[in-house]
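In this note's numbering, the protein residues as written are 2 to 150.
Structure representation (structure tokens):
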């Protein structure tokens, strides 16, 4: 697919960039819908694979993903049902870990397709993109009890 890139003028740059981010987000969502898992489940698997032991809890997933506790609990229950995670009981916490089946599935993570697309960028563009996306994420990250317009 070939896109014609037109740099936005200062009058419409914010909306043009917002539309591009929206299109990219939609493509990533499409990539992450697989026969195995939905995007939110892939995200949870990635989280549990990378988080430290004390953060591998439903509460940790809630804080990381910005979803409410019941949504995170449903996601974990689905992953448990599919035998992709297991729960180890610590004295204070229920620590969630990937099973061997979960690790094998994560090795086929569809997000790797996006990483391949990013690989073509020059290092300076990758750095700028990383800073820009992190900044946007911090501005938009859901905050508890914040009223939505």
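All residues carry an ideal CB built from backbone N, CA and C; glycine is no exception.
Quick caveat: nothing in here was measured; it's all calculated off a predicted structure.
Cβ neighbours of residue 57 in the same chain (closer than 7 Å, five flanking residues each side left out):
49, 96, 97 and 98
DSSP has residue 96 in a bridge; who is on the other side?
89
As a quick exercise: from 74, 23 and 60, pick the residue whose alpha carbon is nearest that of residue 93.
60
Suppose contacts are defined by Cβ-Cβ distances below 9 Å. Is residue 46 in contact with residue 88 by that definition?
For residue 46 and residue 88, no; Cβs fall outside 9 Å.
Residue 77 versus residue 34: straight-line alpha-carbon distance, rounded
17 Å
By the 10 Å Cβ neighbour count, where 16 or more other Cβ atoms means buried, how is residue 103 classified, buried or exposed?
buried
Is it buried or exposed, residue 106, if we count other Cβ atoms within 10 angstroms and call 16 or more buried?
By the neighbour-count definition (other C-beta atoms within 10 Å, threshold 16), residue 106 is a buried residue.
Quick check on the burial criterion: 16 or more other C-beta atoms within 10 angstroms. Buried or exposed for residue 38?
buried
Can you give the beta carbon distance from residue 62 to residue 73, rounded, assuming they're within the 8 Å contact cut?
5 Å
Whole-number beta carbon distance between residue 115 and residue 29, since they are thought to touch under 8 Å:
About 6 Å; that satisfies the 8 Å criterion.
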